[in-house]
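In the working numbering, the protein residues as written are 1455 to 1681.
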């Protein structure tokens, strides 16, 4: 199995289950670390009340998910943090691949869905994921050690710093869905598609009166109007 060459017209390669776990491990991303970040985000989002600003639950979820994920990744010594144009990301030291965290729409984590951001993103995000920035790679997805006779190539490392991944999440009524995906491009504030989508197992929650106020995928956003 290979990662397809960048194109605006191909369907994304979709991985799930153990195949997804193995693929992420090859890229220095622990599914356990991601799950911990998502669960901690849920805890903090649940502390927001109706007395807080309407963006509080979504903001708390995003900030905590970002902070926890970056902390977990950097503890492995393979990653470091950066904030280009105030966008919090983690960067893999050897490969240059990056990962960011963004709230997504209701199709996140659904194999035949059309996932995207929950709200239109700004110029900094659009530039960061812009296509045609030297992405020139076709990488095998390998989960076993090469034979003695095979070429000794590092098939798990990208050849370009443009392998920019995003952890997308969506809090539905009974579960939190998430995926780590590699966008093709970002135009007019939305992703145009994906090279690869890595679907994570959903995290289930009880439906009760103590649910967080950002259920439905509300992303961090502000509306400014004139008086």
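We put the CB at the ideal spot given by N, CA and C, even for glycine.
As assigned by DSSP and simplified to three states, the class of residue 1533: If you number the chain shown from 1, residue 1533 lands on position 79. Looking at residue 1533 - three-state DSSP - the assignment turns out to be strand.
When 1583, 1502, 1617 are compared against residue 1550, the one with the closest alpha-carbon: On the chain shown, position 96 is the one that residue 1550 refers to. When each option's Cα is compared against that of residue 1550, the closest is 1617.
Exposure of residue 1576, with buried meaning 16 or more beta-carbon neighbours within 10 Å: Position 122 of the chain shown holds residue 1576. By the neighbour-count rule (16 or more Cβ atoms within 10 Å), residue 1576 is not buried but exposed.
Close beta carbons around residue 1628, own chain, < 7 Å, minus the five adjacent residues each side: Position 174 of the chain shown, counting from 1, holds the residue named residue 1628. Excluding positions up to five away in sequence, the list reads 1658, 1659, 1661.
CB of residue 1485 within 8 Å of CB of residue 1553, strictly: Along the chain shown, read from residue 1 onward, the residue named residue 1485 stands at position 31. Along the chain shown, read from residue 1 onward, the residue named residue 1553 stands at position 99. Their beta carbons are not under 8 Å apart, which means residue 1485 does not touch residue 1553 by this criterion.
Continuous alpha helix (DSSP H) stretch holding residue 1624: start and end: Looking up residue 1624 in the chain shown gives position 170. Not the alpha helix (DSSP H): residue 1624 falls in the beta strand (DSSP E), residues 1618-1625.
Residue 1670 to residue 1519 span [Cα, whole Å]: Here residue 1670 is taken as the residue at index 216 of the chain shown, counted from 1. Here residue 1519 is taken as the residue at index 65 of the chain shown, counted from 1. Whole-angstrom Cα-Cα distance: 17 Å.
Three or more C-beta pairs below 8 Å linking the stretch 1509-1526 and the stretch 1484-1500: yes
Nearest candidate by alpha-carbon position, reference residue 1668, set 1626, 1534, 1531: The sequence position of residue 1668 within the chain shown is 214, counting from 1. Closest option to residue 1668, Cα to Cα, is 1626.
The alpha helix (DSSP H) enclosing residue 1571, as first and last residue numbers: To locate residue 1571, count along the chain shown from 1; it is residue 117. Run containing residue 1571: none; DSSP gives neither H nor E here.
Residue interval of the alpha helix (DSSP H) (run including residue 1482): What you label residue 1482 is simply residue 28 of the chain shown in a count that begins at 1. Where residue 1482 is concerned, there is no enclosing alpha helix (DSSP H), given that its DSSP letter is neither H nor E.
Whether residue 1556 touches residue 1644 by CB criterion (8 Å): The residue labelled residue 1556 in the question sits at position 102 within the chain shown. The residue labelled residue 1644 in the question sits at position 190 within the chain shown. In this structure, residue 1644 does not lie closer than 8 Å to residue 1556 by Cβ.
For residue 1623 and residue 1504, the rounded distance between their alpha carbons: The residue given as residue 1504 occupies position 50 in the chain shown. The residue given as residue 1623 occupies position 169 in the chain shown. Roughly 23 Å between the two C-alpha positions.
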